[in-house]
Amino acid sequence: MIEVTIVALAAVAVLAYVLVPLRSGPRQDVPLTSIRVEDAEEKKRSALTALIDIEEERDIGKLSEGDFNALRTEYEAEAFHALVELDALEASPGGDGDLEDEISALRSKMTCSSCGALRPPGKACERCGAPA
Ligand SMILES: [Zn+2]
113 MIEVTIVALA AVAVLAYVLV PLRSGPRQDV PLTSIRVEDA EEKKRSALTA LIDIEEERDI
173 GKLSEGDFNA LRTEYEAEAF HALVELDALE ASPGGDGDLE DEISALRSKM TCSSCGALRP
233 PGKACERCGA PA
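Each residue of the sequence shown is one higher than the one before, starting from 113 at the first, in the working numbering.
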């Protein structure tokens with residue numbers, strides 16, 4: 113009977129040895145870059161989601177035009193910084209439908225028509241000085 117116990121214990125030990133690194137391993141080895149990409153993606157996503165939300169709230173009259181404009185400037189700046197960060201990290205865009213459309217709309221709005229550099233919405237281009 114004791115042999116069965118030993119075999120069972122050995123099996124458990126082997127299983128634990130195999131399973132534990134699988135469960136805890138990958139997160140520990142995530143390169144810093146992908147953590148920063150995830151972080152920037154999250155910032156971009158939440159800023160864009162907020163932009164969509166305030167548009168809806170303005171449409172149903174929950175936000176005044178003035179409040180909407182103030183919030184939009186703020187969220188666009190957040191989205192812009194996240195986009196710049198993602199560009200710097202050379203992240204490939206992850207696709208999910210409507211939000212990606214919003215992102216490309218925002219990106220084209222934030223792209224300088226003269227030199228193609230990303231620039232804050234409503235501001236002159238920092239690279240070539242073209243007016244907003
Ligand atoms: Zn420019």
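Here a beta-carbon is modelled for each residue, glycine too, at the ideal position from N, C-alpha and C. Values in this document were obtained by computation on a predicted structure and should not be read as measured data.
**Cβ neighbours of residue 196 in the same chain (closer than 7 Å, five flanking residues each side left out)** = 230
**Request:** Look up residue 223 in the DSSP assignment and give the residues it is bridged to.
**Result:** The partner list for residue 223 (beta bridge, DSSP) reads 230.
**Item:** Residue closest to residue 191, alpha-carbon to alpha-carbon, out of 214, 180, 174, 181
**Value:** 214
**Request:** Return the CA-CA distance between residue 177 and residue 171, expressed in angstroms with no decimal places.
**Result:** Distance between the alpha carbons of residue 177 and residue 171 is about 10 Å.
**Asked** Can you name, in chain order, every residue of its own chain whose Cβ lies under 8 Å from the Cβ of residue 183, other than the five neighbours on each side?
**Response** 162, 166, 175
**Message:** So the candidates are 156, 180, 243, 239; which of them puts its Cα closest to the Cα of residue 219?
**Reply:** 156
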